[in-house]
Amino acid sequence: MILYAVFLLATLFLGLCLAQNFDFDPNAFKDGKFQAKFCQPYRCPKGQEPVPKWPLGMTSTGCSGLGGQATMLTPNQDNASKAEPCCDLRHACYQTCGMIKTHCDEQFVKCSEDACATLTDEEERKECEKSMSIHLLMVKLDQSCQRYDQEQYQHCECVEKKNVANKRERVLRSFYKKFNPENVDKVDGLIKKVDTASKMAGLMVKLVAKYPSAIKKVKDPQQEYMERLMRDVNEKSKDGEGGSTSGDTNDDSASEPESDAEDLGVDEL
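The numbering of the sequence shown is the working numbering, which starts it at 3 and goes up by one.
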């Protein structure tokens, strides 16, 4: 019964990985490094420019939504939670109009490494790195632009060039009024520094990182399904063992271009 449970979970994990719509290119691994596929930023018809929609509508399914559901089968996930904000920011980065995919991925890798490095206990740090390693691998293996393109399409709107500056100012002013009303006067200075779509994107990523309440946490449907399945498997395993109430643990089931807003310091926001 236990072997069947392990086989069932392994089969499901493989199916979920395939369901991630990954576009793995074996030629992407060169000189010992992954060469990330470049995805074109959102484009508008001639005479228009992309601007973030308001409300932003940013959501995150956390680290489970990045792929690598096998981490749900491993113990000590509390240590991995140190990097959970990094997963939230990667989701938000994809949803930031005009942001470049490779920048989001690189930012996520650095954020995760830094988050685990803050753990002073060596064992906890190793557990954090182990838990995040699968997510990091899935990010590197994912050569598809599909998810990124979908997020950009949903969070960008095309505006005539003559109206772009006013639209950007309204978005920034609305953001500050909702998340930092005491400093809404900073918009006048910031708007002068974001005269391109990439600069606006870089500023929005920094703002969301500083005010993470702009990201709405939602439950990952695949994670919910996995959790239900694991509960069912554990219950069936106990029934198959004659309803044993021993204290044995279930060990068998565990196991590109740079942003143009780099000159904007966090203190300015």
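From the three backbone atoms N, C-alpha and C, an ideal C-beta is built for every residue, glycine too.
Cβ-Cβ distances below 8 Å link T61 to H93, Q97, I217, K218, K219, V220 in the same chain, with the five nearest sequence neighbours on each side left out; the list follows chain order. If you look at Q154, you'll find it in the alpha helix (DSSP H) that goes 148–157. Measuring C-alpha to C-alpha distances from M140 to each of P54, E108, E51, R170 identifies E108 as the nearest.
Closest in C-alpha terms to V268, from the list L192, D222, D241, V235, comes L192. With fewer than 16 neighbouring CB atoms inside 10 Å of its own CB, D234 falls in the exposed class. In the three-state DSSP reduction, C130 falls in the helix class (H, G or I). Checking the DSSP bridge columns, you'll see Q50 partnered with E162. The three-state reading of DSSP puts K84 in helix, counting H, G and I together. DSSP places G191 in the uninterrupted alpha helix (DSSP H) bounded by 189–192. When the beta-carbon positions are compared, P52 and R45 come within less than 9 Å of each other. Straight-line measurement puts the Cα of A199 at about 14 Å from the Cα of G49. Counting along the chain, A203 sits inside the alpha helix (DSSP H) bounded by residues 199–212. E129 and K112 have their C-alpha atoms roughly 17 Å apart. In this structure, the straight-line span from the alpha carbon of R127 to that of C89 is close to 17 Å. Apart from sequence neighbours up to five positions away, the residues of its chain that approach F177 with a beta-carbon distance below 7 Å are L209, ordered along the chain. For D116, the enclosing alpha helix (DSSP H) stretches over residues 103–119. Here the alpha carbon of D187 sits roughly 13 Å from the alpha carbon of F181. In this structure, G64 is the residue among L68, G100, C95, G64 with its C-alpha nearest to the C-alpha of P87. In this structure, the alpha-carbon of T104 lies about 22 Å from that of E159. Inter-residue distance for K212 and N236 is about 41 Å (C-alpha atoms, whole angstroms). When the Cα atoms are used, L91 and G67 turn out to be separated by approximately 12 Å.
Taking 9 Å as the cut-off, the Cβ atoms of K84 and A117 count as close. In this structure, DSSP gives K218 an extended state, which the three-state scheme calls strand.
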